[in-house]
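Peer 1: To start, I am sharing the structure in question, which I have written as structure tokens.
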């Protein structure tokens, strides 16, 4: 855990950081304790995965061509099978462990090896295999899962089409039941209905789970999943065709491609029939009566993709900040008060660039742990009511967008903070950023997901206030309703009544404390939702065009409300995580939490000011508090905070985080010291001129 | 110009956009006129460059390995030589045209072909060649430039070292004059002093302009440039060594690498001696007495790198938005009020994502034209005073950061707005983004550049108020000083006195007009600078450590003030550009300018609220005005606005902007219409259930 750690505060540290270090000496982080704590409920699975990731045969090789990269990653999947680490999530009946949380935890770490390896595993076992597991029944488990688990059958998850990504319910592919033969006929009626962007489709897949409109007896029962063989050793099977998606912005170790079907016949048994079935005579039946609910239930079983992308974004952010902050504590540039050059992280701007993002990463990490526990609760059956599933989906839709966007931002700021060195592939940022780019739009487009969250918040609000009068609504907005209006999706109700933040002259101490942060963050979500609900109420009295226009005219704010909700979830998780920390660690981590919470309030200061929740004086005080107190206080702990992420050199694999920069600085310093001591150092022209005067 | 243009408002346009279109029918853009206007003062050079760029041999090939890509780009440079388009900036005496603006304009367009081609040309002729031209004298021009221009001598620009990027004055490489032999000895004293990240250094360069500390007679005269042969057909010359930088985040068609020198001897004549010379006996002389001013004068001659990166960022942003907005007007997803799916750009969120970035791109484009004219003025000698050069450098330091950051943001938002299709290399975004990433930190790190701007603003402020009392300062902050305090660097002084924006109840009409936008934007820059000056005043009374700490404690705000200044420059350029537009075009373009200006004010609303420049009511009104008026108004003109950028299919080279998406939509629509007409369409289960009830 300490292999990379120079002393927490180097003796050369100048200026602000030195002052702050003196003021805050007692607070220290127990790095080993925090590191273990961060690994969470499935620490063993994570550690095991990190041990495997040390093996060079799993590491990404920069500059490998697409074809070689694809073959390498396929081979890596084979290694994972050989090492027996892909079975965790599958049923015990077929040799699995029914360990859903542990499976995702170990999977998330794979991003440290190569994001292509991670996502190709995700395609094979998390999408293709998971669809068979969750949407299929016993016959599919027994008949299909063993070959999927062993990689004997690599497969594609054929949901998205060129023409329909976010709106899966509208895919064009059809699966029409033919009573005469007892077969489904899979068909692609037009170009936009080609399945697209599918991992394993361009080269390696021999089967696919195909999502298609199930039509029997002249009725379309909506989208269902079908197991369809697509290739054998001679290439595509009759009626199946496709294309290679070619080079992508990243993840080029995965063979994404397109598939289309020309009246391809499959046995009736190939319908994955857990939620909908067709009898031999063509009669449709389902355990879920409502077609809409059935569709969302089927999709809901695939939430693990969003869980794991959220967790992977956290891991990648931790890696980026470990590299950037390690470098920032060794790299020097420009002199200020003395002849010694200043360490980058002693510059206020550099702190402003990296430390709030470090706080955000901690918040994301704690929120992800909450999320992963909720996921495991549902899929282990421990907490698996309809409400639990809906809550899980809402958490997923709120957190995955925030963390995947944040990861790109953190990777980019980290890269820029290392200058030209940050641009070299050998220092990891650029390749990881290229790979993670797509995380923002796959497994649910981030904007579309946030809109789902907003609809949920509005729905909860409407359910609560179905028959409420204006006065009740006003009281709710003012925060005086004590109930759990939107709490199911994780929103904690305020216990205090809202006070007028703007009217008093109390110091920043007021907004700094935990209760005030909670109040400000919670109030913003509630008020935005209430205001939107008020505006959208009129929709019920409008015609469909006008109602759609009204909704659309509020779309941007809906999405912002959902974002605020997600930020609150992160803040609450961080705050809850503080409780069990040892005192000295908790002290520092509370500053980190404050930097996150006050950073959110600062980011949304305009809202707080416009809505009278903060006075101008207090809004300014928050910025000053961050700049003058929190950043200098946290500066001496920055290395401990990244070292707690627990990466070893085989995970970092970045030259600038290897100690090489410190060695170069030391060598140069010795050279100049020796030169001065020798008496042979040239005189500076400037100094000479000053002397002459 | 119109080859890609479907009708401005498609008949299917629904909802908001339809309403807005009806309301604003009279305002139309003269696309041909605007397109020509955007090409600016060097339209012919740009057009010529764009014609060349149509040739497939200049186009980037995605997925080419690094080695092949480097060879291809070297070959492309040879084509540019053959076609006679690299000579423009060089002196007429050696066959050039002394056409500085035209050279940069044509160069900027090259990003459309391949950014590697652009930057490798920039290394060869804009850095290596330009250093010989601007820092050398007649003997160097005659002796060296012809082979540089013809690419007979590919060369590296060896300024940056592994240990010093932003702080060039502190490079470690030495050039010590040996009176005995009349030679300079070029030497790398330690690892951190290796030259690094140099294009042409890994493979192709046979010479380099090396920046080193000039030492003669025991005095270090600071950094000077030396022409140093480094390779012949057998590889590195004796004493020279190096390394390949390997794979980078982008620009992999360029052979970046490292160089180091072990007591390498070069003739005295190889000192590029325009600003500093050494006589045979070792006596140093310079036309510029102050070593500091001499250094900055030398660096200042190389400002063209920043000019061209600013322009390239504009071209890339235009390309990205042309692709994303074209797609957004054809792509449909989800239904709202009818069975027809909604066109993406009719969603408010999609408008919010793309249209403000389109406005920003126009602002960047007009600001760049101002910048390019200033550059040409200085380098043509038409406006070449010290003040002109300082202004040019300040404009460069303000605009290059804003536009290069914006380009990354615009490329990313464009990519995400196209979903999975946006991630495919064939649709351009991801590869361009990878290449342009480094534009934010090379040719001056963006944060460091903005700090230079802030220092200039503070310097101008201090010069103006050297002996001012507190009352005068207060009047200045209140805007009642009519003079040109900081106007040299482009800041326009307010002619109106500041009114209390917060105290009246006038409508959004107030902040909407041009004068109010100017006042708000200008006031912010002035007030931030004045406040910083006030706080930093104390530094003169402090010791060096405390003074450095004080400066550092304000660093973040200094950089924000510089950013505000850059944004104002963009806004002023946009506003000035409106003047000569035909009325109908000007009407639409004024909305675009308003979207840019009000967008800036919205972004900084917290500052305006905290500092009492906007009331809460007005701040909210600005957001509402953008959402409810400007976006719907501009929606019908979005395609015209990107078509005015004038790209042809050979420039776009993006499948999703080729009309393919429209063809797919049409085909699917026809399929469903035919199916309905045939009477064979399956019934929806949901519809069936509704009927039964």
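Residue numbers (our numbering), protein chains in the order written: chain G, 59 to 751; chain E, 59 to 751. Built from N, CA and C at the ideal position, the CB exists for glycine as well.
According to DSSP, what are the bridge partners of residue 271 of chain E?
Peer 2: Reading the second chain from its first residue, position 213 is the one you call residue 271 of chain E. As a beta-bridge residue in DSSP terms, residue 271 of chain E pairs with E:232 and E:281.
Peer 1: Which word fits residue 292 of chain G, buried or exposed, when buried means at least 16 other C-beta atoms lie within 10 angstroms of its C-beta?
Peer 2: Along the first chain, one-based indexing puts residue 292 of chain G at 234. Within a 10 Å sphere around the beta-carbon of residue 292 of chain G sit fewer than 16 other beta-carbons, which makes this residue exposed.
Peer 1: Beta-carbon of residue 224 of chain E versus every beta-carbon of chain G: anything under 8 Å?
Peer 2: If you number the second chain from 1, residue 224 of chain E lands on position 166. Yes - at least one Cβ of chain G is within 8 Å of the one on residue 224 of chain E.
Peer 1: Taking Cβ positions, are residue 229 of chain G and residue 186 of chain G nearer each other than 8 Å?
Peer 2: Residue numbering aside, residue 229 of chain G sits at position 171 when the first chain is read from its first letter. Residue numbering aside, residue 186 of chain G sits at position 128 when the first chain is read from its first letter. No.
Peer 1: Cβ of residue 182 of chain G within 8 Å of Cβ of residue 422 of chain G?
Peer 2: Against the first chain, residue 182 of chain G aligns to sequence position 124. Against the first chain, residue 422 of chain G aligns to sequence position 364. No. Outside cutoff.
Peer 1: For residue 582 of chain E, which residues in the same chain have their Cβ closer than 6 Å to its Cβ, ignoring the five residues on either side in sequence?
Peer 2: As a first step, residue 582 of chain E must be located in the second chain, where it is residue number 524. Cβ neighbours of residue 582 of chain E beyond the five flanking positions: 622.
Peer 1: Please list, in chain order, the chain E residues whose beta carbon lies closer than 7 Å to that of residue 722 of chain G.
Peer 2: Along the first chain, read from residue 1 onward, the residue named residue 722 of chain G stands at position 664. Those within 7 Å of residue 722 of chain G in chain E are 220, 221, 249 and 250.
Peer 1: When the cut-off is 8 Å and only beta carbons count, does residue 496 of chain G lie next to chain E?
Peer 2: As a position in the first chain, residue 496 of chain G is number 438, starting the count at 1. Closer than 8 Å: yes.
Peer 1: Taking only runs of the alpha helix (DSSP H) that begin and end inside the stretch 339 to 404 of chain G, which ones reach a length of at least 4 residues, in chain order?
Peer 2: 349 to 358 and 362 to 386
Peer 1: Please state whether DSSP places residue 162 of chain E in a helix, a strand or coil.
Peer 2: Taking the second chain and counting its residues from 1, the one referred to as residue 162 of chain E is at position 104. Looking at residue 162 of chain E - three-state DSSP - the assignment turns out to be helix.
Peer 1: Nearest chain G C-beta to residue 611 of chain E closer than 8 Å, yes or no?
Peer 2: Taking the second chain and counting its residues from 1, one reaches residue 611 of chain E at position 553. Closer than 8 Å: yes.
Peer 1: Can you have a look at residue 294 of chain G and say buried or exposed, based on whether 16 or more other CB atoms are within 10 angstroms of its CB?
Peer 2: Here residue 294 of chain G refers to the residue found at position 236 of the first chain. Counting Cβ neighbours within 10 Å, residue 294 of chain G comes out exposed, since fewer than 16 surround it.
Peer 1: Where residue 302 of chain E and residue 654 of chain E are concerned, what is the direct C-alpha to C-alpha distance, given to the nearest angstrom?
Peer 2: In the second chain, the residue the question calls residue 302 of chain E occupies position 244. In the second chain, the residue the question calls residue 654 of chain E occupies position 596. Distance between the alpha carbons of residue 302 of chain E and residue 654 of chain E is about 43 Å.
Peer 1: Under a three-way DSSP split, which group does residue 31 of chain G fall into?
Peer 2: Outside the displayed range of chain G (59 to 751) lies residue 31 of chain G, so it cannot be described from this structure.
Peer 1: Which complete alpha helix (DSSP H) runs does the stretch 601 to 675 of chain G hold, if anything under 4 residues is left out?
Peer 2: 602 to 611, 613 to 636, 641 to 661 and 663 to 668
Peer 1: Where do the N-terminal and C-terminal ends of the beta strand (DSSP E) with residue 429 of chain G fall, by residue?
Peer 2: For the purposes of this step, residue 429 of chain G is taken as the residue at position 371 of the first chain. Per DSSP, residue 429 of chain G belongs to no beta strand (DSSP E); it is in the alpha helix (DSSP H), 406 to 438.
Peer 1: What residue range does the beta strand (DSSP E) around residue 753 of chain G cover?
Peer 2: Since the displayed chain G opens at 59 and closes at 751, residue 753 of chain G lies outside it and no answer follows.
Peer 1: Using a Cβ-Cβ distance under 8 Å, would residue 331 of chain G count as near chain A?
Peer 2: The question asks about chain A, but that chain is absent: this structure's protein chains are G and E.
Peer 1: Below 7 Å on C-beta distance, what does residue 729 of chain G contact in chain E?
Peer 2: Here the question's residue 729 of chain G lines up with position 671 in the first chain. Residues of chain E passing the Cβ test: 247 and 248.
Peer 1: Can you give me the C-alpha to C-alpha distance between residue 481 of chain G and residue 473 of chain G, rounded to a whole angstrom?
Peer 2: The sequence position of residue 481 of chain G within the first chain is 423, counting from 1. The sequence position of residue 473 of chain G within the first chain is 415, counting from 1. Between residue 481 of chain G and residue 473 of chain G, the C-alpha separation is close to 6 Å.
Peer 1: Using a beta-carbon distance below 8 Å, is residue 258 of chain E in contact with chain G?
Peer 2: Here residue 258 of chain E is taken as the residue at index 200 of the second chain, counted from 1. Cβ-Cβ to chain G under 8 Å: no for residue 258 of chain E.
Peer 1: Taking the beta strand (DSSP E) that residue 89 of chain G falls in, what are its first and last residues?
Peer 2: Working through the first chain from its first residue, we reach residue 89 of chain G at position 31. Not the beta strand (DSSP E): residue 89 of chain G falls in the alpha helix (DSSP H), residues 89 to 97.
Peer 1: Determine the burial state of residue 599 of chain G: buried for a count of at least 16 other Cβ atoms within 10 Å of its Cβ, exposed for fewer.
Peer 2: Position 541 of the first chain, counting from 1, holds the residue named residue 599 of chain G. In this structure residue 599 of chain G is exposed. Its beta-carbon is surrounded by fewer than 16 other beta-carbon atoms within 10 angstroms.
Peer 1: Below 9 Å on C-beta distance, what does residue 748 of chain G contact in chain E?
Peer 2: The sequence position of residue 748 of chain G within the first chain is 690, counting from 1. Neighbours of residue 748 of chain G on chain E: none; closest Cβ ~11 Å, over 9 Å.
Peer 1: DSSP three-state label for residue 495 of chain E, please.
Peer 2: Along the second chain, read from residue 1 onward, the residue named residue 495 of chain E stands at position 437. DSSP places residue 495 of chain E in helix when its eight states are reduced to three.
Peer 1: Are the C-beta of residue 406 of chain E and some C-beta of chain G separated by less than 8 Å?
Peer 2: Numbered from its first residue, the second chain carries residue 406 of chain E at position 348. Yes, because at least one Cβ of chain G sits closer than 8 Å to the Cβ of residue 406 of chain E.
Peer 1: Quick check on residue 456 of chain G - is its C-beta less than 8 Å from some C-beta in chain E?
Peer 2: Taking the first chain and counting its residues from 1, one reaches residue 456 of chain G at position 398. Not one chain E Cβ lies under 8 Å of residue 456 of chain G.
Peer 1: Go ahead and label residue 615 of chain G buried or exposed: buried means 16 or more other beta carbons lie within 10 angstroms of its beta carbon, across all protein chains shown.
Peer 2: For the purposes of this step, residue 615 of chain G is identified with residue 557 of the first chain, where counting begins at 1. Buried: at least 16 other Cβ atoms inside 10 Å.
Peer 1: Just checking: is the beta-carbon of residue 255 of chain G within a distance shorter than 8 Å of some beta-carbon in chain E?
Peer 2: Here the question's residue 255 of chain G lines up with position 197 in the first chain. Output row for residue 255 of chain G: interface = yes.
Peer 1: Excluding the 5 residues preceding and the 5 following residue 92 of chain E in the sequence, name in chain order all residues of the same chain whose CB lies nearer than 7 Å to its CB.
Peer 2: Numbered from 1 along the second chain, position 34 holds the residue referred to as residue 92 of chain E. Excluding sequence neighbours, residue 92 of chain E sits near 643 and 702.
Peer 1: Would you give the residue range spanned by the alpha helix (DSSP H) that residue 481 of chain E belongs to?
Peer 2: One-based indexing of the second chain puts residue 481 of chain E at position 423. Where residue 481 of chain E is concerned, the enclosing alpha helix (DSSP H) starts and stops at 477 to 481.
Peer 1: Which same chain residues, not among the five before or five after residue 740 of chain G, have their C-beta less than 6 Å away from its C-beta?
Peer 2: On the first chain, position 682 is the one that residue 740 of chain G refers to. The answer is none, since no qualifying residue turns up.
Peer 1: Give me the chain G residues within the contact set of residue 120 of chain E, using Cβ-Cβ distance strictly less than 8 Å, ordered along the chain.
Peer 2: Start at 1 with the first residue of the second chain, and residue 120 of chain E comes out as number 62. The answer, in chain order, is 304 and 305.
Peer 1: Taking the alpha-carbon positions, what's the residue 162 of chain G to residue 201 of chain G distance?
Peer 2: Taking the first chain and counting its residues from 1, the one referred to as residue 162 of chain G is at position 104. Taking the first chain and counting its residues from 1, the one referred to as residue 201 of chain G is at position 143. Rounded to the nearest angstrom, the two C-alpha atoms are 24 Å apart.
Peer 1: Contact between the stretch 350 to 370 of chain G and the stretch 154 to 170 of chain G: three or more CB pairs below 8 Å?
Peer 2: The stretch 350 to 370 of chain G is in contact with the stretch 154 to 170 of chain G.
Peer 1: What separation, rounded to the nearest whole angstrom, lies between the Cα atoms of residue 275 of chain E and residue 235 of chain E?
Peer 2: The residue you call residue 275 of chain E lines up with position 217 of the second chain. The residue you call residue 235 of chain E lines up with position 177 of the second chain. Each residue's Cα considered, the two are about 8 Å apart.
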